[in-house]
Every structure is written in structure tokens, then in C-alpha cells.
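Novice:
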Amino acid sequence: MKMAKRQLSLRLPDGSIVPQLAFGLYKIPADEHGVSIVLEAIKAGYRHFDTASYYGNEAMLGTALKRSGLPREDFFVVSKVWNDAQKRGRDAVRQIVLQSVALLDFGGYFDLFLVHWPVPGCFVETYKELELLHNEGYLKNLGLSNFAPEEYEELMSKPNNICVPPVVNQFEVSPFMYRADLISFFQQKGLLVSSSKSLHRGDGFDHSVIKNLSEKYRNRERGCLRIRPTPAQIILRWGIQKGIIVIAKTSTPCRMAENQDILNFSLSEEEMAMLDALTSADDVERRKKLERERKLQL
């Protein structure tokens, strides 16, 4: 893949390059306004786009990518199969994935396709159907989303005979929801971790630790320019230094550019530890409970 200038990247096991900073499409409108937002994101340097069948904007994304004039191989495009298709069985999974490919209408494939949630009693068969679609060339890589270690272990257990291992697990990661053990588990299994809610939906921008770090860099110089990282840049830089895929979303062009411009500073080990500490043990337990309850309702 041809990378945007000065863009950080990671590698998948097959050698594919993944831009580390992704543009998330959750709640981006599926109309001409959405096309304009994506085109602005491309102009700002984004090449990695994260959508889902549930978001309802795969066709809009394809329109914008084609309209950019850049070749398909310049982009890394991710989508996900939603829960209702999983419940209806493998034929429904195949139908919805092929529909996603048709809606995107850009190259005839996705670079990565995820199981959006591990629907109990369904996610193994869902994944097996994705394997077949991978073998047919529609999906370059397969991955997971919102999987806990026990669900990953169930999927990968010997009786299931999984031949195309997942390469990514996407779940909530930010300084306000930092589960080091969970990240370490999947990284040790050879998966990249992709962070949903990387910016904590903006809820932590006014936190004193974030604001103080932003203030600390006020007088750092970059050439003739003085820089002051925004709270969003501080949080995104933390994720980048953790070695995870960071998904950011904004509809404002100047914020898109700001979010891309995180290579002109780095956080020290002490500063990283300060951000790590924004997540308490109680926060982690509450999130575990919430995820368990949600999965029971899938």
C-alpha cells in the first residue's frame, strides 16, 4: 500500500501494512454530506477507514473513496458483520458480507472484516463462513471485535479447526479504559489491538492530567512554529505509543488535520504512566460487568 506522508503504520502477519491511525465512520451520515466528510479525511491524510454493516454507510464510503481518485491499494478498509445476520446462520452471514462488498463497490474486497460481537452459540459458525469468503478473495484478513479471552479461546479451540486465524481484535481502549492485561493477552497471541472509543467520546478532554500535559508542551518549538498538543492529540499519541490501532472520528476538517499531526511530540514513560493511571480497577470491573450483560442480551 502506498502510505500517506509521515503516516505511522503496523504490519499484519501476512506483511500487509495497516495505517495505525484510522478514521471511524460510526454515525457518519450515508449521504453527500458523509461523502464530503470522508473526502476531507482523505485530504487530511487518512487511508484507513473503519465502518460496519450496522453503520449503514458502506456505500457512501465507497463513493468517497472512488471520488478521491486514489487507487484501491492506497486504502485499508474495514467492516464488520452485525449480530442479526449471525443469528440467522451462515447463509445470512454470507449474504450480508457480499452485500457489504457490493455496497462498497471498490475493488471487490475488504482489507479486514470483523465479527462485530461474539454472539453466543453463533460466532464460531460466523467466523467459519468468513473463512470461506476469505478463501474466495472477498476478505483479505479476518478479525474480531469485543471478544474476551475466553471467547477467543473457544473460537480457536482445536475442534473448530480454524485455518485462517484472526489478526485483529477491536475493543474499547483509551486512558480512561485501559485494560493492560487484555491488550497483552491478544498481542501475545499475535493479534493487533484496535481501539474503539479512542477519544473516550471527548469526555476526558477537560481532565486535569490531560489539560496539564497539553499545557506542558505549549512552549516546545518545531522549527519556527510553537506547538501545543490538543487534549485529543495527547490521547491519540498515548494510543500510538501503546502500539495499537487508534480509531478517531470527527466531521471537522481542522480536527482531522490535528488528529493526524501527532508525530511532532512524544510522551515520556512518566507521562504514559500518568495516563495509564486514569483507569481504576473499579472502572475495569464495571466495564467487564457491562460487557457480560450486553453479551447475554445478544
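Using this note's numbering, read the sequence shown as starting at 1 and increasing by one per residue. Glycine included, C-beta positions come from ideal geometry on N, C-alpha and C.
1. Just how far apart, CA to CA, sit A176 and I37?
2. Distance check for F265 and C224, CA to CA, integer angstroms please.
3. Since I96 contacts Y127 with CB under 8 Å, what's their CB separation in whole angstroms?
4. What is the DSSP secondary structure of G24, reduced to helix, strand or coil?
5. Across the segment 22-42 and the segment 86-100, are there enough close Cβ pairs to call them in contact, namely three or more that are closer than 8 Å?
6. Assuming K128 is part of the alpha helix (DSSP H), what are its boundary residues?
7. By a C-beta neighbour count over all protein chains shown, 10 Å radius and 16 as the cutoff for buried, is S184 buried or exposed?
8. Under 8 Å: do the segment 37-55 and the segment 255-269 share three or more Cβ pairs, one atom per stretch?
9. In terms of DSSP beta bridges, what is S145 paired with?
10. So which of D74, E73, G137 and V93 has the shortest CA-CA distance to K80?
11. Is the CB-CB distance between R287 and E172 below 9 Å?
12. Thinking L65 and F76 are a contact (beta carbons under 8 Å), I'd like their distance in whole angstroms, please.
13. Alpha carbon to alpha carbon, how far is L114 from S53? Give it in angstroms, no decimals.
14. Just to confirm, is the Cβ distance from L10 to Y46 under 9 Å?
15. Residues in its own chain within less than 8 Å of Q241 by CB, not counting five upstream and five downstream?
16. Could you check where the alpha helix (DSSP H) with F186 kicks off and where it finishes?
17. From the DSSP secondary-structure annotation, give me the bridge partner or partners of M177.
18. Please identify the residue among P149, S100 and I234 whose C-alpha is closest to the C-alpha of V168.
19. Quick one: Cα of Y109 to Cα of G137, how far?
20. May I ask which residues mark the beginning and end of the beta strand (DSSP E) holding L192?
21. Which residue comes first and which comes last in the alpha helix (DSSP H) that contains P371?
Specialist: Judging by the given coordinates:
1. Position 176 of the sequence shown, counting from 1, holds the residue named residue 176. Position 37 of the sequence shown, counting from 1, holds the residue named residue 37. Per the sequence presented here, residue 176 reads as Phe, with Ala not at that position. Cα to Cα, the separation comes out at about 27 Å.
2. The residue given as residue 224 occupies position 224 in the sequence shown. The residue given as residue 265 occupies position 265 in the sequence shown. Confidence in C224 is poor, its pLDDT being 36 and thus under 50, which makes the residue's placement unreliable; the coordinate value appears in the next sentence. Near 15 Å, if we compare the C-alpha coordinates of F265 and C224.
3. Along the sequence shown, read from residue 1 onward, the residue named residue 96 stands at position 96. Along the sequence shown, read from residue 1 onward, the residue named residue 127 stands at position 127. With 8 Å as the limit, I96 and Y127 do not qualify as a contact, their Cβ atoms being about 14 Å apart.
4. Locating residue 24 in the sequence shown gives position 24, counting from the first residue. Residue state, collapsed to three classes: strand.
5. no
6. Translated into the one-based positions of the sequence shown, residue 128 becomes position 128. Segment F123 to N135, the alpha helix (DSSP H) holding K128.
7. The residue labelled residue 184 in the question sits at position 184 within the sequence shown. Around the Cβ of S184, a 10 Å sphere holds fewer than 16 other Cβ atoms; the residue is exposed.
8. Per the Cβ contact rule, the segment 37-55 is in contact with the segment 255-269 (3 or more Cβ pairs under 8 Å).
9. Residue numbering aside, residue 145 sits at position 145 when the sequence shown is read from its first letter. Per DSSP, Q170.
10. Within the sequence shown, residue 80 is the residue found at index 80, counting from 1. The shortest Cα separation from K80 among D74, E73, G137 and V93 belongs to V93.
11. Residue mapping note: residue 287 aligns to position 287 of the sequence shown, counting from 1. Residue mapping note: residue 172 aligns to position 172 of the sequence shown, counting from 1. For R287 and E172, yes; Cβs fall inside 9 Å.
12. The sequence position of residue 65 within the sequence shown is 65, counting from 1. The sequence position of residue 76 within the sequence shown is 76, counting from 1. Their Cβ separation, rounded to whole angstroms, is 11 Å, which puts L65 and F76 out of contact at 8 Å.
13. Residue numbering aside, residue 53 sits at position 53 when the sequence shown is read from its first letter. Residue numbering aside, residue 114 sits at position 114 when the sequence shown is read from its first letter. Whole-angstrom Cα-Cα distance: 10 Å.
14. The residue labelled residue 10 in the question sits at position 10 within the sequence shown. The residue labelled residue 46 in the question sits at position 46 within the sequence shown. Contact flag unset, no.
15. In the sequence shown, the residue the question calls residue 241 occupies position 241. So the qualifying residues of the chain are S266, L267 and M272.
16. Counted from its first residue, the sequence shown places residue 186 at position 186. Counting along the chain, the alpha helix (DSSP H) containing F186 begins and ends at A180 to Q188.
17. The residue given as residue 177 occupies position 177 in the sequence shown. Its beta-bridge partners are S174.
18. Sequence index remark: in the sequence shown, residue 168 carries index 168 (1-based). Comparing Cα positions, the closest option is P149.
19. To locate residue 109, count along the sequence shown from 1; it is residue 109. To locate residue 137, count along the sequence shown from 1; it is residue 137. C-alpha separation (whole angstroms): 7 Å.
20. Residue mapping note: residue 192 aligns to position 192 of the sequence shown, counting from 1. It spans L192 to S196 - the beta strand (DSSP E) in which L192 sits, taken as one unbroken run.
21. In the structure displayed, the chain extends from 1 to 298; residue 371 sits before or after that span and is not available.
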